[in-house]
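Numbering (our numbering), first residue to last: 2 to 276. C-beta: ideal position from N, C-alpha, C; glycine also. In what follows, a structure is listed as structure tokens, so that the remarks can point back to it.
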Amino acid sequence: MNKHNNRYTILIIFFVQILYAQHHWETAIFADDNWKYIIPNSEPSSEWNTNDFNNNIWNEGPGGFGYSDDDDGTIISTTISVYLRNTFYVADLSKLSKAVLSADYDDGFIAYLNGHEIGRSYNLPEPGTFVGFNEVTSYDHEASLYTGGQPESFVIDSIALDTLLTNGDNVLAIQVHNVGINSSDMSSNFYLTFGISDNSQFYSDPPSWFQEPIIIGESNLPILSIDTYGEEIIDEPRIPAYMGIIDNESSLNHIDDSFNDYDGHITIEKRGNSS
2 MNKHNNRYTI LIIFFVQILY AQHHWETAIF ADDNWKYIIP NSEPSSEWNT NDFNNNIWNE
62 GPGGFGYSDD DDGTIISTTI SVYLRNTFYV ADLSKLSKAV LSADYDDGFI AYLNGHEIGR
122 SYNLPEPGTF VGFNEVTSYD HEASLYTGGQ PESFVIDSIA LDTLLTNGDN VLAIQVHNVG
182 INSSDMSSNF YLTFGISDNS QFYSDPPSWF QEPIIIGESN LPILSIDTYG EEIIDEPRIP
242 AYMGIIDNES SLNHIDDSFN DYDGHITIEK RGNSS
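Okay, here's the thing in structure tokens:
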């Protein structure tokens, strides 16, 4: 981390993103919906995550997909990876103001809308980097929902949605990776929720745990983002996390800016008193 003579006054954001007003939220895809899936023994077609891909020979079953954590709708054999597809319908794209991908996984994942990457876990290579079917994560990550925790949230704004989605059929595709072939468990539970700009009804009510992302856009103070991978910060022991700092110094800091002061792994615990 860069050192500064002045003390930081930091806006801390626990994985929240910018959101502007919407009328209400609806979930288009639930983890326990029926999904198309494949446990690959070779590299899938390069088109596997696109809307035009024919997945007729893939298996079908209720999510999530994994083993050993009692959060699986379809129990699969031990594997390095599983690939998932779920098709959903958009009746009027102009009414979708935001989207949230809620990801509860063990150990890593990359998610796509119509073939375009929208999120990945930190234990896989940088966004946009190809990850093969037989690649493992750099460290493990435990799912949270089955123990009462919260999934991670990845927010997509309306500008991005206009380029990612189309009226009609669309596909959410996800590749889930394990930390190793001998890993004791695997989880893959994903939800796709939309902010609707008026009183139109397209999908279903969100899960009870769903929380509307906090409205935060920009700050003249440095922005510190901490991702605890869904884990609660406790007194002891320290837990692994990922931290990034945005500090543009001479201009406003925006939540979508790249981390430019610190960008890496940390451990964190609660210290001191609060009132």
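*Count the other CB atoms, across all protein chains shown, that sit within 10 Å of the CB of Tyr192; report buried if there are 16 or more and exposed otherwise.*
Taking the sequence shown and counting its residues from 1, one reaches residue 192 at position 191. Result: buried.
*CA-CA distance, Phe110 and Glu270?*
Within the sequence shown, numbered from 1, the residue matching residue 110 stands at position 109. Within the sequence shown, numbered from 1, the residue matching residue 270 stands at position 269. When rounded, the distance between both Cα atoms is 26 Å.
*Coil, strand or helix - Ser1 by DSSP*: No information on residue 1 is available, as it lies outside the stretch 2 to 276 that the chain covers here.
*DSSP-derived helix/strand/coil call for Lys96*: If you number the sequence shown from 1, residue 96 lands on position 95. Helix at Lys96.
*asked:* Alpha carbons only, please: which of Lys99, Asn221, Tyr140 and Ser209 is nearest the one belonging to Tyr230?
replied: Indexing the sequence shown from 1 puts residue 230 at position 229. Per the Cα distances, Tyr140.
*asked:* Extract the residue ranges of the beta strand (DSSP E) inside the segment 193–261, only unbroken runs of 3 or more that lie entirely within it.
replied: 224–228 and 240–247
*DSSP state of Ile81, grouped into three classes?*
The sequence position of residue 81 within the sequence shown is 80, counting from 1. Correct three-state label for Ile81: coil.
*Is the beta carbon of Ser82 less than 8 Å from the beta carbon of His178?*
Taking the first residue of the sequence shown as 1, we reach residue 82 at position 81. Taking the first residue of the sequence shown as 1, we reach residue 178 at position 177. In this structure, His178 lies closer than 8 Å to Ser82 by Cβ.
*Which residues mark the beginning and the end of the alpha helix (DSSP H) in which Ile1 is found?*
Nothing can be reported for residue 1, as the shown portion of the chain is limited to 2 through 276.
_On a Cα-Cα basis, can you pick out the residue from Ser46, Met244 and Ile267 that is closest to Gly133?_
By one-based count along the sequence shown, residue 133 stands at place 132. The shortest Cα separation from Gly133 among Ser46, Met244 and Ile267 belongs to Ser46.
_Pull the bridge partners of Asp73 from the DSSP assignment, please._
As a position in the sequence shown, residue 73 is number 72, starting the count at 1. Its beta-bridge partners do not exist; DSSP assigns none.
*asked:* Let me check understanding here. Comparing Cα to Cα, which of Ala100, Tyr147, Phe89 and Tyr106 lies closest to Ile277?
replied: In this structure the chain extends from 2 to 276, so residue 277 is not present and cannot be described.
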